[in-house]
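Novice: Dumping the structure here so I can ask a few things about it.
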Amino acid sequence: MQELMAELELPRTTLFRLLRTLCAEQMVQKRGKLYFCGAELMQLGFNIIHSDRMHQLAIPHVQRLALKSGHTAHLAVPNNGQVLIVEVFDSPNPLLVSKRPGVQAQMHCSSTGKVFLAHLYYDNLELLIQEHPMERHTEHTITDIDSLRKELKRVVAMGYALDDREYNKDARCLAVPVRDNRGVVVASIGITAPVVAFPMSQVQAIVELAKEAANGIYRDAYQVKHEKAS
Numbered sequence: 215m216q217e218l219m220a221e222l223e224l225p226r227t228t229l230f231r232l233l234r235t236l237c238a239e240q241m242v243q244k245r246g247k248l249y250f251c252g253a254e255l256m257q258l259g260f261n262i263i264h265s266d267r268m269h270q271l272a273i274p275h276v277q278r279l280a281l282k283s284g285h286t287a288h289l290a291v292p293n294n295g296q297v298l299i300v301e302v303f304d305s306p307n308p309l310l311v312s313k314r315p316g317v318q319a320q321m322h323c324s325s326t327g328k329v330f331l332a333h334l335y336y337d338n339l340e341l342l343i344q345e346h347p348m349e350r351h352t353e354h355t356i357t358d359i360d361s362l363r364k365e366l367k368r369v370v371a372m373g374y375a376l377d378d379r380e381y382n383k384d385a386r387c388l389a390v391p392v393r394d395n396r397g398v399v400v401a402s403i404g405i406t407a408p409v410v411a412f413p414m415s416q417v418q419a420i421v422e423l424a425k426e427a428a429n430g431i432y433r434d435a436y437q438v439k440h441e442k443a444s
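Using the numbering used here, the first residue of the sequence shown is number 215, and each one after it goes up by one.
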């Protein structure tokens, strides 16, 4: 406690209150008069390290998807109820419609977000929407929860998500889930393109290319490591 007070330059009462909160969240564990990293903090650190490793191993697959599809490809991860774009590889198409790495997007109106809503947040959809209301961006944006639930069931059944002019009236996006060795969705990969360059007739072909990329990420980031460990 004395070391923390000196290091952080915080009053004893403030520090004690913070530590009590961290203990309640299992970020910190108290043993006698000493404090240690808690289970949740260690898991958080592991997830950050593992996510960064997945990101690095995914880059060639994002690039390959862009080259094979002819459209801008992107990799995204869930982040506090929103989508975080972590990698983008542009197509030669001069009509730039995709977001840049580091940019966050809403879930209800993006293909990547729908992947996460369908597989990670479906049971807590009402709570998520309370924190992140469904804003209307175009006439095609889904803005009621019943329609969104119907759309998310379709995402699970079809194995991919589509943003059909829901965020940008001139853009169409498609994404598929990336899973870890436990089957948990940890990211999504897909493409963004102008509507004129990505007609609905191309959807199934793009789905297959995106799934191929997702399987490649799983193989490189999770399957190989899991097989070596076993």
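Glycine included, each C-beta is placed from N, C-alpha and C at the ideal position.
When the Cα of A407 is compared with those of A272, Q240 and S305, which residue comes out closest?
Specialist: Along the sequence shown, read from residue 1 onward, the residue named residue 407 stands at position 193. For A407, the nearest C-alpha among the options comes from S305.
Novice: Have a look at the DSSP bridge pairing and note the partners of R386.
Specialist: As a working note, residue 386 is residue 172 in the sequence shown. Its beta-bridge partners are D378 and A407.
Novice: What do you reckon, are the CB atoms on A332 and A290 nearer than 8 Å?
Specialist: As a working note, residue 332 is residue 118 in the sequence shown. As a working note, residue 290 is residue 76 in the sequence shown. Contact flag unset, no.
Novice: How about V390 and A419: do their beta carbons lie closer than 8 Å?
Specialist: The sequence position of residue 390 within the sequence shown is 176, counting from 1. The sequence position of residue 419 within the sequence shown is 205, counting from 1. Taking 8 Å as the Cβ cut-off, V390 and A419 do not qualify as a contacting pair.
Novice: Measuring alpha carbon to alpha carbon, tell me which residue in G295, Y335, V329 and L339 is nearest Q318.
Specialist: Within the sequence shown, numbered from 1, the residue matching residue 318 stands at position 104. Ranked by how close their Cα comes to the Cα of Q318, the residues G295, Y335, V329 and L339 have G295 in first place.
Novice: Can you name, in chain order, every residue of its own chain whose Cβ lies under 6 Å from the Cβ of L271, other than the five neighbours on each side?
Specialist: By one-based count along the sequence shown, residue 271 stands at place 57. Here the set comprises D434 and A435.
Novice: Taking DSSP's pairing of strands, which residues face G249 in a bridge?
Specialist: Counted from its first residue, the sequence shown places residue 249 at position 35. Note on identity: in this sequence residue 249 is Tyr, with Gly being the wrong assignment. Beta-bridge pairing links Y249 to K244.
Novice: Tell me which same chain residues have a C-beta within less than 6 Å of the C-beta of S444, skipping the five on either side of it?
Specialist: In the sequence shown, counting from the first residue as 1, residue 444 sits at position 230. Here the model assigns S444 a pLDDT of 49, short of 50, so the residue's position is not dependable, and the following value carries that caveat. If you ignore the 5 residues before and after S444, its C-beta comes within less than 6 Å of no other C-beta in its own chain.
Novice: In whole angstroms, give me the CA-to-CA distance for A385 and N395.
Specialist: On the sequence shown, position 171 is the one that residue 385 refers to. On the sequence shown, position 181 is the one that residue 395 refers to. Roughly 33 Å separates the two Cα atoms.
Novice: Using DSSP bridges, identify the partner residues of P391.
Specialist: For this step, residue 391 is matched to residue 177 along the sequence shown. Its beta-bridge partners are S402.
Novice: Please classify I356 as buried or exposed, where buried requires at least 16 other C-beta atoms within 10 Å of its C-beta.
Specialist: Taking the first residue of the sequence shown as 1, we reach residue 356 at position 142. Flag for I356 reads buried.
Novice: Compare the C-alpha of G284 against each of A428, P413 and S324 and name the closest.
Specialist: Counting from 1 along the sequence shown, the entry for residue 284 is found at position 70. Selected option, being the one with the closest Cα: P413.
Novice: Could you name the residues of the same chain whose beta carbon sits closer than 7 Å to that of E301, not counting the 5 residues immediately before and after it, in chain order?
Specialist: Residue numbering aside, residue 301 sits at position 87 when the sequence shown is read from its first letter. Excluding sequence neighbours, E301 sits near H269, A272, I273, V276, H288, L289 and P315.
Novice: Extract the residue ranges of the alpha helix (DSSP H) inside the segment 415 to 440, only unbroken runs of 4 or more that lie entirely within it.
Specialist: For secondary structure counted as the alpha helix (DSSP H) over 4 or more consecutive residues, the segment 415 to 440 holds these complete runs in sequence order: 417 to 432.
Novice: Ignore the nearest five residues each way along the sequence and tell me which others in F303's own chain have a CB closer than 6 Å to its CB.
Specialist: As a first step, residue 303 is located in the sequence shown; it is residue number 89 there, counting from the start. Excluding positions up to five away in sequence, the list reads V276, Q277, A280 and A287.
Novice: Name, in chain order, the residues that DSSP records as bridge partners for L289.
Specialist: Position 75 of the sequence shown, counted from the start, is the residue given in the question as residue 289. L289 is bridged to E301 and I403.
Novice: State buried or exposed for F250, treating a residue as buried only when at least 16 other CB atoms are found within 10 Å of its CB.
Specialist: On the sequence shown, residue 250 is found 36 positions in, with the first residue counted as 1. So F250 counts as exposed.
Novice: Mark N382 as exposed unless 16 or more other C-beta atoms lie within 10 angstroms of its C-beta, in which case mark it buried.
Specialist: One-based indexing of the sequence shown puts residue 382 at position 168. Counting Cβ neighbours within 10 Å, N382 comes out buried, since at least 16 surround it.
Novice: Taking the C-alpha atoms as reference points, what is the distance between I343 and T326?
Specialist: Within the sequence shown, the letter at position 129 stands for residue 343. Within the sequence shown, the letter at position 112 stands for residue 326. One C-alpha to the other measures close to 16 Å.
Novice: Count the other CB atoms within 10 Å of the CB of E239; is the residue buried (16 or more) or exposed (fewer)?
Specialist: Here the question's residue 239 lines up with position 25 in the sequence shown. Looking at its Cβ environment, which holds fewer than 16 other Cβ atoms inside 10 Å, E239 is exposed.
Novice: Going along the chain, which unbroken runs of the beta strand (DSSP E) with 3 or more residues stay wholly within the segment 341 to 377?
Specialist: none
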